[in-house]
Amino acid sequence: MKIKNIRILRRVSQTIFLVLFLFLLLKTEFRGTFKKSEVETIRLNYPVRVFLEFDPLVVFSTSISTHSIYKGTIWALIFIGITLIFGRAFCGWVCPLGTLNHFFSHIKLRRKGAKLIKSNKWKSWQIVKYYILIGLITAGLFTSLQTGLIDPIPFLVRSLSVSILPAVNYGIRGILNGLYQTNIPVFQHISDFSFAALGSTLLSYKQTFYHYSFLIGVIFITVLALNRVITRFWCRGICPLGAFLGLISRFSIFGLEKYPEKCTECNRCLLYCQGGDDPHPKDRWKSSECHLCLNCQAECPEGALKFKFFPSRKRTQITPDFQRRRILTGIVAGAALVPVLRATSGLTKNYNPRLIRPPGSLDEKEFLKRCIRCGECMKVCPTNAIQPTFLEAGVEGMWTPMLIMRIGYCEHTCVLCSQVCPTGAIWRITEEEKLGIKTGKPVKIGTAFYDRGRCLPWAMDTPCIVCEEFCPTSPKAVWLKEEKIVKRDGTVTTIKRPYIDPKICWGCGICEHVCPVQDKPAVYVTSIGESRSKTNQILLEKKTDTGKK
Amino acid sequence: MEKEDNNLTRRDFISRTAKTGVALVTTGVLGYWLKKRERFPGEVELSTTMNDFRVNLPANLPDIVIVRNSSPAELVKSAINELGGMSRFISRGDVVVIKPNIGWDRVPKQAANTNPEVVKTVVELCYNVGAKKVIVSDVSCNDARRCFRRSGIARAVKSVGGYVILPEKRKFKDMKLGGKVLDVWPVFTPFVETDKLINIPIVKHHNLAGATMAMKNWYGILGGRRNQLHQNIHESIADLCNFMRPTLVILDAYRILLTNGPQGGNIQDTKEIRTIAVSVDQVAIDSFGATLLNKNPEDFGFIKKGYERGLGNMKLNEMNIRKINLG
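Residue numbers (the numbering used here), protein chains in the order written: chain A, 176 to 724; chain B, 20 to 346.
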């Protein structure tokens, strides 16, 4: 096949993977499909977490931190294998963030000619990503997994789910609702039609809102904007996944063969170089930087460059120019990070009582070894309860999931967050396990408490008990006592006042969600009693097996 | 030459003056117009609406038809038959909206939502007499997608060609209920923009109201902060019944929830009594429903209020009740 055709093939591959990625991301939501014959269980129709499971850095970093490989993340070995044969083809052919960076680097190129050629030469700062990787992996080795902050796949899933898509939704809804509210039939039809067309694709079932969505969006847009300054800046200088694949690409048997005698120094090979890997025949090719975009070979008019199996390595540099001292700095920084983070109170002492993790989450220390902050759980949560933390879980836990009951609540029989979690930070549980049907012990995420100074029946002699109505357990964790009260005017009457049975309450938070005292609810959930913790408990109870394997 | 450049030509003078003039006048006019629009941003005045979907019926019809001991579909069919068939209520070409109770993320045997077979049969009966479109909807308490799916209602309705509408925010409209406690509330518009409306509640225990049946089922047309309604639950139920006058009420008591209501969860709290009751009087049918929970109509504040306000009859002994046993 001609090299130009292979380049077209690469573009097709990039497009397919990007579209597939976006498709699966949009399908990370239960939309209410009523066709399936099964009624009892609700599952997503597509394997929405595959991109995360196929991410080599996810499997590498979590196996460093947990000494094991969780379920589907084993699939990433496929891309590790491909890299061992071909080099960083993942970056140039598959990675959806790489494709977006590629697109924004090249649409209406700002630099031209000599400037463009110069900017695409290898730069010494490209080595920074390796030090970042080394630091992150060392931290992972010492039980704090931070790769997800900038691992491209979790980064992209999080940025789109938590910020970009909700913003797009808000914009479209704003326009369509505006059309609908005009009360002009034509506009209403346009609005209805658009909702019907977009409702099962781009639009989510209802508008979602996220904590710190703005910040996450700004970071993402900055990453895209940097492409306008330097082609694929993220991929060249920051991406720890690129660094990981670059390191293992030293074993690849496929690569660039240079024929310097044919070279006329036209520099065309540098015009569209993605990786900044010096494909010029007179330079040494930095194989760990190359994305295998094949632009250099396709552009070369003299045939002085050729990708082939078993190329000679005469003009190739397979390891980046490491400086031993900087590697050491990376290791020390990564190693020091963990004790510095952990010696801060928060994880073990004086932790945030409102840090309520999704049902099935592992004990906090184990959780932090696994959570890659991809935001899949936040995207899939039907009530929008799962939110990214900022500092609620400490600096160490930034963008990890927590439930905010004022926004949503944990739906009694829903286990979708545990189903989409790729790394087992939220262990995969079934409805039966969540409700403790066999064990008699449901998965608790917290316990509810009354603020009797704000509760209507307690403080204002007014009947209410919406919390009792909504309490989903059977028997209800919210129970009522009919009490005789003397009102201000002296009349004697009875009122039902709510109490919590902490043995039954599992912390779903629907009581807090529906409490009519809207701004600061009179009933609220804190994490005490959560199944995942041995220490964060009130009641003296013999802990039994939670039913997890 | 520089001097010449600075010379103002007549043409230039006129054109620039005109542009400045237009800008000045526009600013002035716009300012005046906007100033005149100044008013306190309050609520828009709405007029009270009453949604009356009742049809004219012959006087000799029974007030309540009660059918027992058969399958849900048979019970519904024979009850409607006894009232003269669905064609008495639904005309050819009608859009019919059905309001079951799909409040909770529960499965049918937990008896927290209306029986899906009952709903399905009603959809079929409506289509059989020539309804143009039959829509089923509810504003659920739990996540609507889960409620509609797990209750089995969405699937049952779709299997016979009915339409399922999930509540969506843009289709709520502020309406003036003009009640004693409920004034302006957001109402889910499909329930009021229709030709006929059928209420299909289930009989369930409810700790504050005592029970939830036909009258309380109207909570499910409201959006907004409906958690405040509990503060005066009986009066707000009566307000809603005054606002909504359905074509027909079909009380599903095939399997009822006796305790832990309104969402239950434990099958031991339910009881299969295989009963369906049909009426056009929402107060009357709730009065009968009360007896299924071994209580009297007088035990429920909302029934008494409904009766006092003339919304229906609660005196079971005054009514013409037709009882059928298919067992």
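C-beta: ideal position from N, C-alpha, C; glycine also.
| Item | Value |
| --- | --- |
| So which residues on chain A does leucine 185 of chain B lean against when the C-beta distance must stay under 7 Å? | Gly207 |
| Taking the straight line between their C-alpha atoms, what separation do you get for lysine 723 of chain A and valine 618 of chain A? | In this prediction, lysine 723 of chain A has a pLDDT of 48, which is less than 50 and means its spatial position is unreliable; what the coordinates show is noted afterwards. If I take the Cα positions, the gap works out to 10 Å. |
| According to DSSP, is isoleucine 359 of chain A part of a helix, a strand, or is it coil? | coil |
| Based on the DSSP output, what are the partners of proline 281 of chain B in its beta bridges? | BP columns for proline 281 of chain B are empty, so no partner. |
| Between isoleucine 713 of chain A and the rest of its own chain, which residues show a CB-CB distance below 8 Å, the 5 nearest in sequence each way excluded? | Thr622, Pro677, Ile703, Gly704 |
| For leucine 578 of chain A, go through chain B and note every residue whose CB falls closer than 8 Å to its CB, in chain order. | Near leucine 578 of chain A there are no residues of chain B at all, since even the closest Cβ is about 14 Å away, more than 8 Å. |
| What would DSSP say about asparagine 88 of chain B, mapped onto helix, strand or coil? | coil |
| Counting only beta-carbon atoms, is aspartate 162 of chain B nearer than 7 Å to chain A? | yes |
| Among residues of its own chain, excluding the 5 on either side of leucine 610 of chain A, which ones have a beta-carbon nearer than 6 Å to its beta-carbon? | Pro617 |
| What do you reckon, are the CB atoms on leucine 270 of chain B and lysine 223 of chain B nearer than 7 Å? | no |
| Identify whether isoleucine 178 of chain A lies in helix, strand or coil by the three-state DSSP scheme. | helix |
| Say whether chain A places a C-beta atom closer than 7 Å to the C-beta of asparagine 279 of chain B. | yes |
| Answer yes or no: do threonine 669 of chain A and glutamate 657 of chain A have a C-beta to C-beta separation smaller than 7 Å? | yes |
| State the Cα-Cα distance for the pair serine 90 of chain B and glycine 346 of chain B, rounded to the nearest angstrom. | 10 Å |
| Under three-state DSSP, which class holds serine 536 of chain A? | strand |
| Does histidine 466 of chain A come out as helix, strand or coil in the three-state DSSP assignment? | coil |
| Grab the span of the beta strand (DSSP E) containing arginine 107 of chain B for me, first residue to last. | Premise fails: arginine 107 of chain B is in no beta strand (DSSP E) and is neither H nor E. |
| On the premise that histidine 688 of chain A lies in contact with arginine 532 of chain A, defined as a C-beta separation below 8 Å, what is that separation, rounded to the nearest angstrom? | About 17 Å separates the two Cβ atoms, so there is no contact after all. |
| Could you check what DSSP says for serine 255 of chain B in three-state terms: helix, strand or coil? | helix |
| Tell me which residues share the same chain as glutamate 567 of chain A and place their Cβ nearer than 8 Å to its Cβ, disregarding the 5 neighbours each side in the sequence. | Asn527, Arg529, Leu530, Met577 |
| Is valine 590 of chain A close to chain B, meaning its C-beta is less than 7 Å from at least one C-beta of that chain? | no |
| Against phenylalanine 167 of chain B, what residues of chain A qualify as contacts under a CB-to-CB distance less than 9 Å, listed in chain order? | Gly207, Phe209 |
| Quick one: is serine 427 of chain A buried, meaning 16 or more other Cβ sit within 10 Å of its Cβ, or exposed? | buried |
| So, is glutamine 321 of chain A buried or exposed, given that buried needs 16 or more other C-beta atoms within 10 angstroms? | buried |
| Using the C-alpha atoms, what's the distance from phenylalanine 207 of chain B back to lysine 342 of chain B? | 35 Å |
| Using the Cβ count rule (16 or more neighbours within 10 Å means buried), how would you classify serine 106 of chain B? | exposed |
| State the DSSP-derived secondary structure class of lysine 656 of chain A, mapped to helix, strand or coil. | strand |
| Using a C-beta cutoff of 7 Å, does histidine 249 of chain B count as contacting chain A? | yes |
| At the level of alpha carbons, what is the spacing between isoleucine 601 of chain A and cysteine 592 of chain A? | 7 Å |
| Which residues does DSSP pair with tyrosine 182 of chain B in a beta bridge? | B:Ile154 |
| Hey, is tyrosine 355 of chain A's beta-carbon within less than 7 Å of any beta-carbon in chain B? | yes |
| Chain A beta carbons: is any one of them nearer than 7 Å to that of alanine 130 of chain B? | no |
| At what residues does the alpha helix (DSSP H) containing lysine 609 of chain A begin and finish? | 606–610 |
| With DSSP as the reference, label valine 187 of chain A as helix, strand or coil. | helix |
| Could you spell out the range, first to last residue, of the alpha helix (DSSP H) harbouring alanine 511 of chain A? | 499–518 |
| With a threshold of 7 Å on Cβ separation, who are the neighbours of leucine 259 of chain A within its own chain once the five nearest residues in sequence on each side are excluded? | Ile423, Phe426, Ser427 |
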